[in-house]
Amino acid sequence: MSNVQIKTMRDALIEKIYEKMYGDDRIFFLSADFGAPSLDRLRKDFTSRFINVGIAEQNLINISTGLALEGFTVYAYAIAGFLTMRAYEQIRTNLSLSSQNRQINVNLIGVGTGASYDMSGPSHHCLEDLAIIRTLPNIVLFSPSDWILTEKFVDFSINFKKPKYIRLDSKPLPRIYEKSANIEWNKGSYELVRGSDVCVVSTGYMTHRALKIAKELQVRNNNKIGVIDIFLLKPIDQETLFNILKRYKCVITLEEAFINKGGLDSLISGIIRRRKADIKLINLGFEDKYIFKSGSRDFLSELSHFGEKDIIRAIKEIEV
Amino acid sequence: MNSFDTLRDKSKWVRKETLKLHKRAPESRLASSLSPVEIFVVLYYGGILSYDPQNVQWEERDRLIISKGHGAVSLYPILADLNFFDKEELTKISTEDSFLGVIPDTSIPGFETINGAVGHGLGVACGIALALKRKTSNRKVFVLSGDGELNEGAIWEAIMFASYHKLSNLILIVDNNKMSMLGYQKEILGLEPLEEKFNAFGWKTQTVDGHNVEQLYAALYDLKNDDNSQPKVLVANTHKGKGVPQLEGDPLCHVKSLSAEQIDNILQEWK
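As they're listed, the protein sequences go chains A and B. Heads up, the first sequence is in the numbering used here, so the first residue is 21 and it goes up one at a time. Heads up, the second sequence is in the numbering used here, so the first residue is 35 and it goes up one at a time.
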C-alpha cells in the first residue's frame, strides 16, 4: 500500500479547498485557533481570506454567518465537540433557522468526531454530534468514512449553498472509495459489500471496522455480511437505502456515538419502521455514559460492547 | 433630511402606533420597544441609513442588524410607513399566517437577520462588515443591541474581533435602558463604566441622550462619516418604557403588558 492510500480526511479536505481558493476569491477559511500541517500553506498564501477568530467557537459561527449572508462561501474549522456544542445555539439560530429563507453557505468542519481523540479523554470525545446536528432542519450532515469521499465533497460543498456539518475523523485512515468513483450526493449511502442475510450499516470510522469484520467472516466462515456506508445522514434518499436494506433479514447499525439518541440508529430504524418491514434490527454504539478510563478507541468501544470481537459474536448469535 | 421637529413628531407617532400594536398583540415586549423609538426614527427618517424598500437586498444599502429583536416592534410602523410592506399588515400582527410576530425575523421585509435570541447580532454584523470591506463597499453596518444583552459572552468575542480587524464600517448602538428582565443591570452584573470598557477594547465611543433626536443625529452622522480605523459604539442612554408612566421606572416592566383600556386612555391623553 503506497503512502497516499492512508491520509487524514482533514488534509485531503484542506488541500482541495486550497486549490479552490486559488480560482475563487469568494471563499473564506476561518479557524477557531485550530491547525493542521496542511493548513500552514493556506494560512500563508491567503492572508486576507484565512482568519483565525481565536478560541471563540460562538464568534466563529457568527462571523461565518455574516460573510455568507453577503454571498461568500465559508469554511469554519474547529475541534468537532467544541464546534458543535459550545456554539450549538449559534448553529441553530444563525445557520439552521436563518438558512430557511436566506442563502447561507457555511461549511462547518469538525475534526475529532467519535472517539478519534481517544487518549484525550471524555472532554474531547465527540459522541453527541450525530444526534444533535441531525435534529436541526436545513443542515447537511456529512459523515465520511475516508479521505477520498472527503476530498470529493468540496465541489459539492461549494455548489450546494446550504449550511453543512462536515464531521471528520482525526486519524489517518486508508481509503475505501476509488479515486475515480462517481459519488452520488443525492443518494447519501453506498453498499460497499453485498451480503446475504445480515448487513452492517455504519458511518465514519466504524465503516472500516464493518469492512474488516465482513472480510474476516467471509474468510473464516464463508458468511457473507453486507456493508452499507452512510456518508450523508441528511439529506438521504430513503427509498434507495430501503431498497438495499429490504434484501436483508437482519440489519446492525454501528456508530461511534451514543446510541438511541437520534443518530444513525434512529435514522435506520425510522426508515425500516415506517415501511413496516420485517427486518431484525440491532443497534451498536456507545452506552449512555461518559468514559473516564484511558485507552485506545478500540478499547473504548469494547467497554460498550461493540469491539470487533463483540460484533462478530453478535453476528454469530443471530438466527436468520 | 427631515427637520428635528418632524423627527420629534415622528417619534410621537411611532409611540402611538407601537401602543396600538401592543393592544393587538399583548405578548409584544412594549417597554423594550419604546426605549429605541428615537434611534429608529433618526436612522430611517434622519437620513442616516441608506435603504430601498422596493429592493430590500439592494447591494448599496446600509445594513441594520437589530440584535435586541424582542424590543423592535416599534420598527414595524416605520417599515410599513416607508413601504417595506403594506400598512394593512400592521392590523394583522400576531394573527394566523401573519409574518408580523411579536419578535421579528427574516420573513419581515427590512429585517436582515434572526433576532429572537440576543447576543448574536454583533458577531454576525462583524462578518457582514468584513464582507463589505472585502467587496470594497462604502456601506456601513449598524447594530442595535440592548445593554442587558452585553451580558452574553459571544458579544465580547465580537468586540475583540471588531477592533483587531479594524472594522471601521461597524457602528454599534447600545439602547442603554439599564434594565433587563429581572431589574436594573447595576444590580445584576454592573456594566458600568461601559464607555471605558469599549475604549479599553479599542473602540471609539460616544454617549448621548437616546431620546434627544438632535444629539442622536449629530452622533450617528459623525460616526457614520468618521474615517478612523476603529469600530464605533454609541451608548444611547434611554428609559425603558419611555413615555408610558405605567412602565417607566418599573424594574419589572420588561414583561409588563397593558390592558386595552389602559392603552386607549394613554392614546386619548396623547391626542
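In this text, a Cβ means the ideal position worked out from N, Cα and C, and glycines have one as well.
Practice problem: For S118 (chain A), return the contacting residues in chain B, with the cut-off set at a CB-CB distance below 7 Å. | Solution: Those are T140, T147 and I148, listed as they occur along chain B.
Quiz prompt | Endpoints, alpha helix (DSSP H) assigned at D115 (chain B) | solution = L109 to D115 is the extent of the alpha helix (DSSP H) around D115 (chain B).
Quiz item: What are the boundary residues of the beta strand (DSSP E) that T93 (chain A) is part of?
Solution: Note, T93 (chain A): beta strand (DSSP E), T93 to I99.
Quiz item: Using a Cβ-Cβ distance under 8 Å, would I99 (chain A) count as near chain B?
Solution: It does not; no Cβ of chain B falls within 8 Å.
Quiz item: Looking only at DSSP bridge pairs, what is V208 (chain B) linked to?
Solution: Beta-bridge pairing links V208 (chain B) to B:S179 and B:V269.
Quiz item: Does the pairing of the segment 238-253 of chain A with the segment 213-228 of chain A give three or more beta-carbon distances under 8 Å?
Solution: They touch, by the three-pair rule.
Practice problem: Quick one: list the residues of chain A neighbouring H154 (chain B), beta-carbon separation under 7 Å, in chain order. | Solution: Simply N82, Q110, T113 and N114.
Self-check item: Three-state secondary structure (DSSP) of D243 (chain B)
Solution: Secondary structure at D243 (chain B): strand, using DSSP grouped into helix, strand and coil.
Quiz item: Which whole-angstrom value describes the C-beta separation of K269 (chain A) and I299 (chain A), a residue pair presumed to lie in contact below a C-beta threshold of 8 Å?
Solution: Their Cβ separation, rounded to whole angstroms, is 7 Å, which keeps K269 (chain A) and I299 (chain A) in contact under 8 Å.
Quiz prompt | As assigned by DSSP and simplified to three states, the class of S22 (chain A) | solution = Caution applies to S22 (chain A), whose pLDDT of 43 falls short of 50 and renders its modelled position unreliable; the model cannot decide the point.
Exercise. Determine, using beta carbons only, whether G86 (chain A) comes closer than 8 Å to chain D.
Key: The structure shown contains no chain D; its protein chains are A and B.
Quiz item: So, K17 (chain B) versus S108 (chain B), is the Cβ gap smaller than 8 Å?
Solution: In the structure as shown, chain B begins at 35 and stops at 305. Residue 17 (chain B) is therefore absent and cannot be evaluated.
Exercise. Throw me the rounded Cβ distance for the I233 (chain A) and I332 (chain A) pair, which I believe falls under 8 Å.
Key: Contact between I233 (chain A) and I332 (chain A) holds: their C-beta atoms lie close to 6 Å from each other, under 8 Å.
Quiz item: In the DSSP assignment, what residue or residues form a beta bridge with M366 (chain B)?
Solution: Any answer about residue 366 (chain B) is impossible in this case: the structure gives chain B only from 35 up to 305.
Exercise. Assign K329 (chain A) to one of three DSSP states: helix, strand, or coil.
Key: Residue state for K329 (chain A) is assigned as helix, using DSSP reduced to three classes.
Practice problem: Mind checking which residues open and close the alpha helix (DSSP H) that includes Y78 (chain B)? | Solution: Counting along the chain, the alpha helix (DSSP H) containing Y78 (chain B) begins and ends at V71 to Y79.
Quiz prompt | Backbone CA spacing between M21 (chain A) and L231 (chain A) [nearest angstrom] | solution = Caution applies to M21 (chain A), whose pLDDT of 40 falls short of 50 and renders its modelled position unreliable; the model cannot decide the point.
Exercise. Just the C-alpha distance for L274 (chain A) and L184 (chain B), rounded to the nearest angstrom, thanks.
Key: One C-alpha to the other measures close to 44 Å.
Practice problem: Would you mind sorting I338 (chain A) into buried or exposed? The rule is 16 or more other CB atoms within 10 Å of its CB. | Solution: By the 10 Å Cβ count, I338 (chain A) comes out exposed.
Practice problem: State yes or no: is the beta carbon of A188 (chain B) nearer than 8 Å to at least one beta carbon in chain A? | Solution: When Cβ-Cβ separations below 8 Å define contact, A188 (chain B) makes contact with chain A.
Practice problem: Compare the beta carbon distance of S45 (chain B) and V90 (chain B) with 8 Å and say whether it is the shorter of the two. | Solution: The answer is no: Cβ separation not under 8 Å.
Quiz item: By DSSP, does A234 (chain B) sit in helix, in strand, or in coil?
Solution: If DSSP states are grouped into helix, strand and coil, A234 (chain B) belongs with the helices.
Quiz item: Which residues bound the alpha helix (DSSP H) around V48 (chain B)?
Solution: Going by DSSP, V48 (chain B) is part of the alpha helix (DSSP H) stretching over F38 to R58.
Practice problem: Keeping to the same chain, check which residues put their C-beta closer than 7 Å to that of Q219 (chain B); ignore five residues upstream and five downstream. | Solution: Excluding residues within five positions, the ones whose Cβ falls inside 7 Å are D181, G182, K212, M213 and L225.
Quiz prompt | Nearest residue (CA-CA) to E148 (chain A), options A:R187, A:N114 and A:Q123 | solution = Closest option to E148 (chain A), Cα to Cα, is A:R187.
Quiz item: Should R122 (chain A) be flagged as near chain B, meaning a C-beta pair shorter than 8 Å?
Solution: Yes, contact with chain B.
Quiz item: Do H104 (chain B) and R63 (chain B) have their C-beta atoms closer together than 8 Å?
Solution: Cβ atoms of H104 (chain B) and R63 (chain B): closer than 8 Å.
Quiz prompt | CA-to-CA distance, G282 (chain A) to K309 (chain A), given in whole angstroms | solution = C-alpha separation (whole angstroms): 16 Å.
Quiz prompt | From B:K169, B:N299, B:L113 and B:I205, residue whose alpha carbon lies closest to that of L268 (chain B) | solution = Measuring from the Cα of L268 (chain B), the nearest candidate turns out to be B:I205.
Quiz item: With C-beta atoms as the reference, is G244 (chain B) less than 8 Å away from D284 (chain B)?
Solution: Result no, Cβ atoms of G244 (chain B) and D284 (chain B) do not sit closer than 8 Å.
Quiz item: Under a Cβ-count criterion, where at least 16 other Cβ atoms within 10 Å of its own Cβ denotes burial, should N82 (chain A) be classed as buried or exposed?
Solution: N82 (chain A) comes out buried.
Quiz item: Helix, strand or coil: how does DSSP classify V73 (chain A) here?
Solution: V73 (chain A): coil per DSSP, three-state reduction.
Practice problem: Have a look at E61 (chain B) and S128 (chain B) and give me their C-alpha separation to the nearest angstrom. | Solution: Roughly 9 Å separates the two Cα atoms.
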